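*Asks:* Residue numbers (this note's numbering): 36 to 344.
All C-beta atoms in this analysis are idealised placements derived from N, C-alpha and C, irrespective of residue type, glycine included.
The model shown is predicted, which means the values in this text are computed figures rather than measured ones.
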Amino acid sequence: MIARTLQKSWLAAMDIQALRYFRAVANHKSLTGAAKALGVSQPTLSVAMQNLESRLSTTLLARDRSGVSLTSTGEELYRYTIRIFDLLDEAEERVRGIEQGDVGTFVLGCYWSLGAYFLPAFMTELMKTDPGIELQLLNEQSSTVRDKVISREVHFGIVVNPQPHPDLVMLDLYEDAIDLLVSKDSARPHATLEDARQVYVDGPVIYAGRVSELVDQLANEGLATSRKLVCGDLEQVKSLVLAGLGVGVLPRRVAAYGHEGKLVRLHPTFPIFPDRIQLLFRADMHKTRASTRLKEALVAYGRTLDALR
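#1: With L208 and V334 assumed to form a contact (beta carbons below 8 Å), what rounded beta-carbon distance in angstroms separates them?
#2: Return the Cβ separation of S178 and P286 in integer angstroms, given the expectation that the two are a contact with Cβ distance under 8 Å.
#3: In the DSSP assignment, what residue or residues form a beta bridge with R317?
#4: On the three-state DSSP scale, how would you describe E169?
#5: On the criterion of 16 or more Cβ atoms from any shown chain inside 10 Å, does T323 qualify as buried, or is it exposed?
#6: Under three-state DSSP, which class holds L105?
#7: Go ahead and pull the three-state DSSP assignment for I241.
#8: Does the stretch 222 to 241 come close enough to the stretch 259 to 270 to have 3 or more Cβ pairs within less than 8 Å?
#9: For a test of the three-state rule: what should DSSP assign to G337, helix, strand or coil?
#10: Could you say which of E256, L172 and G74 lies nearest to R232 if we only look at CA atoms?
#11: Beta-carbon within less than 7 Å of L258's beta-carbon, same chain only, minus the 5 sequence neighbours each way: which residues are those?
#12: Out of F120, S65 and T108, point me to the one whose CA is closest to D50's CA.
#13: Look at L172 and L143 and say whether their C-beta atoms are less than 7 Å apart.
#14: How many angstroms separate the CA atom of D202 from the CA atom of V60?
#15: By the 10 Å Cβ neighbour count, where 16 or more other Cβ atoms means buried, how is L298 classified, buried or exposed?
#16: Spatial neighbours of R338 within its chain, please: CB distance less than 7 Å, with the 5 preceding and 5 following residues excluded, ordered by chain position.
#17: For a test of the three-state rule: what should DSSP assign to G279, helix, strand or coil?
#18: Based on Cα-Cα distance, which residue from Q313, T227 and K330 lies nearest to H321?
#19: If the criterion is Cβ atoms closer than 7 Å, does the pair V284 and V246 meet it?
#20: Beta-carbon separation of T67 and Q77 under 7 Å?
#21: Give the straight-line distance between the Cα atoms of H63 and R118, rounded to the nearest whole angstrom.
#22: Among D182, R90, S107 and A226, whose alpha-carbon lies nearest the alpha-carbon of T304?
#23: May I ask you to report which of helix, strand or coil DSSP gives V138?
#24: Using 10 angstroms around the beta-carbon of I307, count the other beta-carbons present and answer buried if the total reaches 16, otherwise exposed.
#25: Just tell me which of L275, V282, E127 and L170 has its CA closest to the CA of D237.
#26: Should K163 go down as buried or exposed, given a rule of 16 or more other Cβ atoms within 10 Å for buried?
Below you can see the structure in the form of structure tokens.
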């Protein structure tokens, strides 16, 4: 009951200065000693304690000739006071660490297929070099990641071909390209263009939703397939093409990671569709040492991928 009464009246009744005075009195068991330690006059301290007791509608201090002692409600308040100042010290240390040190927690959003090959090596290195930086990962469509960066739900986003926005900083990381690919085991090395066109027409052409417009564009340019197989994501497309099922419409880097050289172009003269991978963050994002370090690490790693294309 005492704890509940104190909790209910907490926000309205007390301030940090009053608690600091109260803690000193409890520690010194003397108004005179506490006043001296705090550098205030004894009357000032006495009035502050009387006001605190009045606001809480309880007697906190038992006064006698030998000094002061805590009543039952005073002991309860003292326990809470110690916890509060411990939390304040912890908060100050944490804030100083975030502002001035390489410490912080960030949400990193990434387009689904990019995360599969970008994040493993990047995260492994980051955990070694910057153990104070913690990441929460979000895998979504590029448009969703972009919107969540704008709404401040995500600190940094790695996306494909994002639309500009006045609140965003957009940094180029690396390039990719969507290509028409088949399993190396089922490919015909010396196939003519006509042979390749017939393979595409016969299908199935396997793709995920994001590239459906490219398939339609090819059809408008006279290259239409008789069979389509639409999948939920690019990883599923990749596994089916690796199995020799048909022609896959895939980003080259997605096709290559973990299976280097196992998927090849249907024909070198077929069109490719460039992809631009960018890092997004808000222009007004609060800049700390940790956020700057994370941004620099993302850019540096992304540009190593660009150098390897």
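*Replies:* Concretely, from the data shown:
#1: Between L208 and V334, the beta carbon gap of about 7 Å places them in contact (Cβ cut-off 8 Å).
#2: Actually they are not in contact, since the Cβ atoms of S178 and P286 sit about 17 Å apart, beyond 8 Å.
#3: L203
#4: strand
#5: Classification of T323: buried, given that the 10 Å Cβ count is 16 or more.
#6: strand
#7: strand
#8: Short answer: they touch.
#9: helix
#10: E256
#11: R232 and Y235
#12: F120
#13: yes
#14: 52 Å
#15: buried
#16: L208 and Y209
#17: In this structure, G279 counts as coil in the three-state DSSP scheme.
#18: K330
#19: yes
#20: yes
#21: 18 Å
#22: A226
#23: coil
#24: exposed
#25: The option with the nearest alpha carbon to D237 is V282.
#26: exposed
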